[in-house]
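First residue of the sequence shown? That's 93 in the numbering used here, and the numbers climb one at a time after it.
Reviewing the structure listed below.
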Amino acid sequence: MTIEAILEEFGKLCALTSEQAQQYASLAEAAAGAIRSRLRPGADCAENSGRLALAAAYWMRERYESSGSQSSVRLGELSVSKERTGASPDEWRLLIGELLLPESAEFFCV
Numbered sequence: 093m094t095i096e097a098i099l100e101e102f103g104k105l106c107a108l109t110s111e112q113a114q115q116y117a118s119l120a121e122a123a124a125g126a127i128r129s130r131l132r133p134g135a136d137c138a139e140n141s142g143r144l145a146l147a148a149a150y151w152m153r154e155r156y157e158s159s160g161s162q163s164s165v166r167l168g169e170l171s172v173s174k175e176r177t178g179a180s181p182d183e184w185r186l187l188i189g190e191l192l193l194p195e196s197a198e199f200f201c202v
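Here is the structure:
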């Protein structure tokens, strides 16, 4: 799972150009770290690199969307709401669940 692969998947999920996705490189690094910290010992990262990159991109998208502006705007009688489409929260866990440690046994790098 490379940062470039994560950013490519993130760009696809969020409809960003390559240049726009590159602005989130630090978030991609955080996503890679979060995913790696939750992997079971012996998980084959090379064999699962595509799935891991996609899972990291979903992790990023959760944070990207949750850090956005208001979810609805009201102008007089008109109200516009932002609806979430696509994967549900924690979709990244579903993609790689068998590679992850049980929730209560996470390792964190300090």
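We treat Cβ as the ideally placed atom computed from N, Cα and C, and that holds for glycine.
Provide the residue span of the alpha helix (DSSP H) that contains residue i, from first to last.
i, result
"Gln-112", "110-114"
"Leu-99", "95-106"
"Ala-126", "117-130"
Throw me the rounded Cβ distance for the residue i and residue j pair, which I believe falls under 8 Å.
i, j, result
"Arg-155", "Leu-105", "12 Å between Cβ atoms; not a contact."
"Ile-127", "Ala-147", "6 Å"
"Ala-124", "Ile-98", "6 Å"
Could you tell me whether the Cβ of residue i comes closer than 8 Å to any Cβ of chain B?
i, result
"Gly-125", "In the structure shown, chain B does not exist; there is a single protein chain."
Mind checking whether residue i and residue j have CB atoms under 8 Å apart?
i, j, result
"Gly-215", "Thr-109", "There is no way to answer for residue 215, as the model of the chain reaches only from 93 to 202."
"Ala-135", "Leu-191", "yes"
For residue i, name the three-state secondary structure that DSSP assigns.
i, result
"Glu-154", "helix"
"Asp-136", "coil"
"Ser-171", "Interpretation of Ser-171 is limited by its pLDDT of 46, a score under 50 that renders its predicted location unreliable; the figure taken from the coordinates is listed afterwards. Ser-171: strand per DSSP, three-state reduction."
Practice task
Report yes or no: do the stretch 125-142 and the stretch 102-117 share at least 3 C-beta pairs separated by less than 8 Å?
Solution key: As far as the Cβ criterion goes, the stretch 125-142 does not touch the stretch 102-117, which means the pair count is below three.
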